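First residue of the sequence shown: 216, per the working numbering; consecutive thereafter.
First comes the structure, then the notes that go with it.
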Amino acid sequence: MPDIPQKDIARRSKDYSIQGYILSLAELVYLLVFLLLFQGLGFSARLAKFSTSITFHNSLSLLIYLFWLTIIYYLVGFPLFLYHSFIRERRFGLSGQKLSAWLKDQLKSLFIMYLVAGISLEVFYYFLRLTPVYWWLIVSFFWILLNLLMARIAPQVIIPLFFKCSKLEHGVLRERIVKLAAKMGVKIVDVFEIDFSKKTYKANAAFVGLGSSQKVLLADTLKEKFSDYEVEVIVAHEFAHYLRGHLLKLIVINSCTAIVCFYLIYRTSFWFFSFYNLTIF
Numbered sequence: 216m217p218d219i220p221q222k223d224i225a226r227r228s229k230d231y232s233i234q235g236y237i238l239s240l241a242e243l244v245y246l247l248v249f250l251l252l253f254q255g256l257g258f259s260a261r262l263a264k265f266s267t268s269i270t271f272h273n274s275l276s277l278l279i280y281l282f283w284l285t286i287i288y289y290l291v292g293f294p295l296f297l298y299h300s301f302i303r304e305r306r307f308g309l310s311g312q313k314l315s316a317w318l319k320d321q322l323k324s325l326f327i328m329y330l331v332a333g334i335s336l337e338v339f340y341y342f343l344r345l346t347p348v349y350w351w352l353i354v355s356f357f358w359i360l361l362n363l364l365m366a367r368i369a370p371q372v373i374i375p376l377f378f379k380c381s382k383l384e385h386g387v388l389r390e391r392i393v394k395l396a397a398k399m400g401v402k403i404v405d406v407f408e409i410d411f412s413k414k415t416y417k418a419n420a421a422f423v424g425l426g427s428s429q430k431v432l433l434a435d436t437l438k439e440k441f442s443d444y445e446v447e448v449i450v451a452h453e454f455a456h457y458l459r460g461h462l463l464k465l466i467v468i469n470s471c472t473a474i475v476c477f478y479l480i481y482r483t484s485f486w487f488f489s490f491y492n493l494t495i496f
């Protein structure tokens, strides 16, 4: 990581955070505008017609539609995504990742997004046809269960797709973390190290998973830049989030938000379908 004068660290950190907030908001605005224009300008109807011309099977035509929608959405917004997670990271001296490696990660992310969206939309339309009045409630609970499942399998399935994970070698640091977990009453499967340095110079630690999948993840950059005592303090902070029920509170908040959002979609769907002269896919 390039050397940065101490006096500039606070200013650069603030600039980095502000840019992150602005770019995240820009991506949200882009998503909403893209979907509205894609529908309003008739591109959605054309893509739906194209999808049904390939197959009349509702589920398959929906997946074809979603595939091309995902590709178009990503290509149109590519400059924004490129700057947010690649150019910006390099400008602030936080990454040395090659463009080819970044693009590979983007493809993996797109595949996961397509897979989750595909399953979600299939379930959405199934219950929309099955029970036009109560679909929003059933889909809300499905969405909650899907998010819990993703949190459960992320340490075993999702994270290894992007990082190489290996058990932390037996030594002083691992022993300190295991003892800390026992002392704080936190059950962990093990302590793992991930190769953050191949993608970023940032240092991080996390306590991830649910139930029997709970584990501690340490970035290799964290081990290199901080003492064992400092790493232990950081891990203790992560354990404290768990013990104070922050994860549970976040799950409850997200669940309530999902129910409210799907209910609002239900209440406005008749107007939306009528305005655009739509029928169920």
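Glycine included, C-beta positions come from ideal geometry on N, C-alpha and C.
Just so we're clear, the structure is a prediction, and the values are computed from it rather than from any experiment.
Checklist entry - Is there contact between the stretch 286 to 298 and the stretch 243 to 258, where contact requires at least three CB pairs shorter than 8 Å? => result yes
Item to check | Closest by C-alpha distance to Asn273, when choosing among Met328, Arg344, Ile392, Lys414 | outcome: Arg344
Next on the checklist: By the DSSP assignment, the alpha helix (DSSP H) with Ala316 in it spans what residues?
Outcome noted: 314 to 345
Checklist entry - Name the DSSP beta bridge partners of Cys471, please? => result Paired residues: none, contrary to the question.
Item to check | Simplified DSSP assignment, three categories, for Val248 | outcome: helix
Checklist entry - Just curious, the alpha helix (DSSP H) that Ile374 is in, first and last residue? => result 374 to 377
Item to check | Beta-carbon proximity list for Met216, same chain, < 7 Å, skipping 5 on both sides | outcome: For Met216, the predicted model reports a pLDDT of 47, less than 50, meaning its position is unreliable; a value from the coordinates is still stated below. So the list reads Gly308, Tyr416, once near-sequence residues are dropped.
Checklist entry - What residue range is occupied by the uninterrupted alpha helix (DSSP H) comprising Val431? => result Segment 430 to 434 is the beta strand (DSSP E) holding Val431; no alpha helix (DSSP H) there.
Next on the checklist: On a Cα-Cα basis, can you pick out the residue from Ile269, Val291, Tyr231, Gly235 that is closest to Leu250?
Outcome noted: Val291
Next on the checklist: Once DSSP output is grouped into helix, strand and coil, what is the label at Phe307?
Outcome noted: coil
Item to check | Euclidean distance between Cα positions of Gly426 and Lys313 | outcome: 36 Å
Checklist entry - Is Phe422 helix, strand or coil by DSSP? => result strand
Checklist entry - Among Glu304, Trp283, Glu447, Glu337, which residue has its Cα nearest to the Cα of Ala420? => result Glu447
Checklist entry - Ordered along the chain, which non-local residues of its own chain (more than five positions away) have a Cβ less than 7 Å from that of Leu325? => result Thr285, Tyr289
Next on the checklist: Need the endpoints of the alpha helix (DSSP H) that Phe282 sits in, please.
Outcome noted: 273 to 291
Item to check | Residues sharing a beta bridge with Ser381, DSSP | outcome: Glu408
Item to check | Segment contact, 8 Å Cβ cut-off, at least three pairs: the stretch 454 to 463 with the stretch 404 to 414 | outcome: no
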